[in-house]
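Visitor: Just remember that this note's numbering sits 138 ahead of the position in the sequence shown, which is counted from 1. Cβ atoms here follow ideal geometry from the backbone N, Cα and C, with glycine treated the same way.
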Amino acid sequence: AAVESECDGAWGREAILYYTGWNQKGLLRVAPTGGEPAAVTRPGKKDVHFAPTFLDGGPAFTYFVMPNDGRSDDARMRMASLEGAIDREIMPAPSNVAYAEGRLYFLRDTTLLAKRFDPSTGVLGEGDAELIAEGVEPLRGGGFTVAPGLLVFGAARDAQGTRITIYGRDGKVRETIDADTFLDDLT
């Protein structure tokens, strides 16, 4: 299937799921052998759907729902099925999720956590999440992936500091301002 713009998606046994940019078309489905795309999800007027991931190759999959204004604090992880039998919210999720061996992995800041997860119902296990790793790169939703018996993640980079140097008309340093993080306000 031809796509109109850059896209991303997931391969499953029965279909390829993809989305095209930051729009409100929802997730589209196409057969692995090609053909015409068909909508699988239908976002509300203020939401976008993206980042599908098949659970055990399909037909169930997870995907993100985020307000189209980009507020990641309001992002949610949902689970749906190609057959349309299920479409339910799993949890608030401002990061990527990955599924392997009955567990759903996700980030909170730079901490990788996991909870038991039933892919047939979309229900998370009871209790607190288990700590898996600390210091995981949080950019772009989280730099990690899992597979049975395997965890790969990028280490979080140290916060990049900022130094502002103020020079006088004579070219000499008058003052420096150091910050451990990015400077948002210079007042």
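Closer than 8 Å is the cut-off here; do at least three beta carbon pairs connect the segment 177-194 with the segment 213-225?
Guide: Touching, per the Cβ criterion.
Visitor: With respect to the beta strand (DSSP E) encompassing residue 167, which residues constitute its N-terminal and C-terminal limits?
Guide: Element bounds for residue 167: 166-169.
Visitor: So what does residue 230 bridge to, in DSSP terms?
Guide: The partner list for residue 230 (beta bridge, DSSP) reads 214.
Visitor: Along the chain, where does the beta strand (DSSP E) containing residue 117 start, and where does it finish?
Guide: In the structure displayed, the chain extends from 139 to 325; residue 117 sits before or after that span and is not available.
Visitor: Look at the Cβ atom of residue 178, then the Cβ atom of residue 164, and state whether they are nearer than 8 Å.
Guide: Contact: yes.
Visitor: Tell me, which residues are paired with residue 258 by DSSP?
Guide: Residue 258 pairs with nothing; no bridge assigned.
Visitor: Take residue 294 and list the residues in its own chain whose beta-carbon comes closer than 7 Å to its own, dropping the five residues that flank it on each side.
Guide: Within the same chain, residue 294 has close Cβ partners 248, 273, 274, 275 and 276.
Visitor: Taking a contact to mean a Cβ-Cβ separation below 8 Å, would you say residue 265 touches residue 255 in this structure?
Guide: No, Cβ-Cβ distance for residue 265 and residue 255 is not below 8 Å.
Visitor: Might you give, ordered along the chain, the residues of its own chain that have their beta carbon closer than 7 Å to the beta carbon of residue 193, omitting 5 neighbours on each side?
Guide: The answer, listed in chain order, is 199, 200, 237 and 257.
Visitor: For residue 209, does the three-state DSSP call read helix, strand or coil?
Guide: Coil, per DSSP.
Visitor: Have a look at residue 203 and residue 181 and give me their C-alpha separation to the nearest angstrom.
Guide: One C-alpha to the other measures close to 8 Å.
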